[in-house]
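**Q**
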Amino acid sequence: MTIVETTTRTKAHRKTVRRKKMKTKTRNRTMPRKKMVVPGPGEHPLQYNYTFWYSRRTPGRPASTQSYEQNIKQIGGFASVEQFWRFYSHMIRPGDLTGHSDFHLFKEGIKPMWEMGGKWIIRLRKGLASRCWENLILAMLGEQFMVGEEICGAVVSVRFQEDIISIWNKTASDQATSGRIRDTLRRVLNLPPNTIMEYKTHTDSIKAWVDFHGLVTASGGR
């Protein structure tokens with residue numbers, strides 16, 4: 185093959201690659217983007233958009249990161265006070281859930297998976313979950329925690345012997361912020377002074393999950 189032939193083929197190849205790239209860019213630009221939830225006309229917008237999630241695991245079945253990701257289902261999102269109540273008024277209350285079930289309410293764009301940060305955990309005797317969950321999420325939506333963008337979301341976990349509520353934040357090392365979240369939790373839930381509250385980093389949660397289930401990696405589940 186001559187140098188001229190080689191050069192011609194190389195130029196042709198480059199043109200083909202450029203055409204493919206242009207088609208890809210055009211295709212990407214025309215792909216429909218997922219629409220964000222927006223407040224309706226005359227509605228009262230929240231400071232952040234939120235998404236409800238639900239998960240359920242069969243007791244006794246081996247858990248894994250993959251099964252956790254498969255089990256967690258998105259219910260829907262909202263951007264205003266009115267949209268929240270339309271969702272919430274049709275949802276079953278935590279006290280009426282059975283088995284190993286969880287409700288998650290997280291800011292839009294944040295999936296309830298263990299990453300950085302941590303969470304405050306409160307263990308409840310049976311019968312208190314519905315009231316505490318409602319008070320917690322109303323305080324979160326109303327920005328009562330006063331910690332800016334630190335709050336990620338909240339979870340209520342229904343178990344056989346007890347129920348658990350938790351609120352997640354971004355920065356586990358910020359003691360001032362975690363302290364303010366703790367104090368606000370005590371106030372909005374009207375907790376007795378002797379209530380045990382535990383702060384756990386997501387790193388510790390992952391380690392405990394791995395140790396308990398014998399997994400190499402993990403990123404979610406309780």
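This note's numbering applies: residue 185 is where the sequence shown begins, and numbers increase by one.
Built from N, CA and C at the ideal position, the CB exists for glycine as well.
None of these values were measured; they are calculated from a predicted model.
(1) Name the residue from Arg371, His288, Ile349 and Pro229 whose alpha carbon lies nearest to the alpha carbon of Tyr383.
(2) Report the three-state DSSP secondary structure of Ile276 (helix, strand or coil).
(3) How far does the alpha helix (DSSP H) with Gln345 in it reach, from first residue to last?
(4) Roughly how many angstroms lie between the CA atoms of Arg309 and Gly279, to the nearest whole one?
(5) Quick check on this structure: which residue in Glu253, Pro377 and Tyr238 has the alpha carbon closest to the alpha carbon of Val342?
(6) Please classify Trp269: is it buried, with 16 or more other beta-carbons within 10 angstroms of its beta-carbon, or exposed?
(7) Given a threshold of 16 other Cβ atoms within 10 Å of its Cβ, counted over all protein chains shown, does Ala313 qualify as buried or as exposed?
(8) Report yes if the C-beta distance between Asn353 and Ile380 is below 8 Å; otherwise report no.
(9) In or out: Asp303 buried (at least 16 other Cβ within 10 Å) or exposed?
(10) With distances taken Cα to Cα, identify the nearest neighbour of Pro223 among Arg277, Gln267, Asn378 and Tyr272.
(11) Please tell me whether Tyr234 and Leu289 are closer than 8 Å, where the distance is taken between their beta carbons.
(12) For the stretch 288-363, list the beta strand (DSSP E) runs that are entirely contained and at least 3 residues long, ordered along the chain.
(13) Please say whether Arg364 and Phe329 have beta carbons closer to each other than 8 Å?
(14) For Tyr232, which beta-bridge partners are listed by DSSP?
(15) For Arg240, write down the residues that DSSP places opposite it in a beta bridge.
(16) Skipping 5 residues on each side, what residues in its chain have a beta carbon closer than 7 Å to that of Glu327?
(17) If you check the beta carbons only, do Phe271 and Val221 fall under 8 Å apart?
(18) Given this structure, state the Cα-to-Cα distance separating Glu253 from His284, to the nearest angstrom.
(19) Classify Phe344 as buried or exposed, calling it buried when 16 or more other Cβ atoms lie within 10 Å of its own Cβ.
(20) Do you know offhand how far Cys316's Cα is from Ser264's?
(21) Quick one: measure Cβ to Cβ for Phe287 and Val340, integer angstroms, because I've assumed they're closer than 8 Å.
(22) Might you give, ordered along the chain, the residues of its own chain that have their beta carbon closer than 8 Å to the beta carbon of Glu346, omitting 5 neighbours on each side?
(23) Could you give the first and the last residue of the continuous beta strand (DSSP E) run that contains Gly224?
(24) Could you check how far apart the C-beta atoms of Leu368 and Thr361 are, in whole angstroms? I think they sit under 8 Å.
**A** A quick look at the data gives this:
(1) As a working mapping, residue 383 is identified with position 199 in the sequence shown. Per the Cα distances, Ile349.
(2) One-based indexing of the sequence shown puts residue 276 at position 92. Ile276 falls in the coil class under three-state DSSP.
(3) As a working note, residue 345 is residue 161 in the sequence shown. Gln345 -> no alpha helix (DSSP H), and no H or E assigned at all.
(4) By 1-based counting over the sequence shown, the position of residue 309 is 125. By 1-based counting over the sequence shown, the position of residue 279 is 95. Here the C-alpha atom of Arg309 lies approximately 11 Å from the C-alpha atom of Gly279.
(5) On the sequence shown, residue 342 is found 158 positions in, with the first residue counted as 1. Here the closest residue by C-alpha is Tyr238.
(6) Sequence index remark: in the sequence shown, residue 269 carries index 85 (1-based). Trp269 is classed as exposed because its beta carbon has fewer than 16 other beta carbons within 10 Å across all chains shown.
(7) Against the sequence shown, residue 313 aligns to sequence position 129. Ala313 should be labelled buried.
(8) Locating residue 353 in the sequence shown gives position 169, counting from the first residue. Locating residue 380 in the sequence shown gives position 196, counting from the first residue. In this structure, Ile380 does not lie closer than 8 Å to Asn353 by Cβ.
(9) Your numbering for residue 303 matches position 119 in the sequence shown. According to the sequence shown, residue 303 is Lys rather than Asp. Buried, since its Cβ has 16 or more Cβ neighbours within 10 Å.
(10) By one-based count along the sequence shown, residue 223 stands at place 39. Nearest C-alpha to Pro223: Gln267.
(11) Within the sequence shown, numbered from 1, the residue matching residue 234 stands at position 50. Within the sequence shown, numbered from 1, the residue matching residue 289 stands at position 105. Yes, the pair counts as a contact, with Cβ atoms nearer than the cut-off.
(12) Whole beta strand (DSSP E) segments, 3+ residues: 302-308, 335-342 and 347-353.
(13) Indexing the sequence shown from 1 puts residue 329 at position 145. Indexing the sequence shown from 1 puts residue 364 at position 180. Less than 8 Å divides the Cβ of Phe329 from the Cβ of Arg364.
(14) Your numbering for residue 232 matches position 48 in the sequence shown. Looking at the DSSP output, Tyr232 shares a beta bridge with no other residue.
(15) Mapped onto the sequence shown, residue 240 falls at position 56. Its beta-bridge partners are Ser285.
(16) What you label residue 327 is simply residue 143 of the sequence shown in a count that begins at 1. Result list for Glu327: Gln231, in chain order.
(17) What you label residue 271 is simply residue 87 of the sequence shown in a count that begins at 1. What you label residue 221 is simply residue 37 of the sequence shown in a count that begins at 1. Not in contact: Phe271 and Val221 (Cβ atoms no closer than 8 Å).
(18) In the sequence shown, counting from the first residue as 1, residue 253 sits at position 69. In the sequence shown, counting from the first residue as 1, residue 284 sits at position 100. Counting only the Cα atoms, His284 lies some 15 Å from Glu253.
(19) The sequence position of residue 344 within the sequence shown is 160, counting from 1. Phe344 is exposed by the Cβ-count criterion.
(20) In the sequence shown, residue 316 corresponds to position 132, counting from 1. In the sequence shown, residue 264 corresponds to position 80, counting from 1. Going from the Cα of Cys316 to the Cα of Ser264 covers about 22 Å.
(21) Position 103 of the sequence shown holds residue 287. Position 156 of the sequence shown holds residue 340. Going by Cβ atoms, the distance from Phe287 to Val340 rounds to 5 Å, so yes, they are a contact pair.
(22) Translated into positions along the sequence shown, residue 346 becomes position 162. Within the same chain, Glu346 has close Cβ partners Arg307, Leu308, Arg309 and Lys310.
(23) Walking along the sequence shown from the start, residue 224 turns up at place 40. Going by DSSP, Gly224 is part of no beta strand (DSSP E) at all; its letter is neither H nor E.
(24) Here residue 368 refers to the residue found at position 184 when the sequence shown is read from its first residue. Here residue 361 refers to the residue found at position 177 when the sequence shown is read from its first residue. Residue 368 is actually Thr in this sequence, not Leu. Incorrect: roughly 11 Å between the Cβ atoms, too far for contact.
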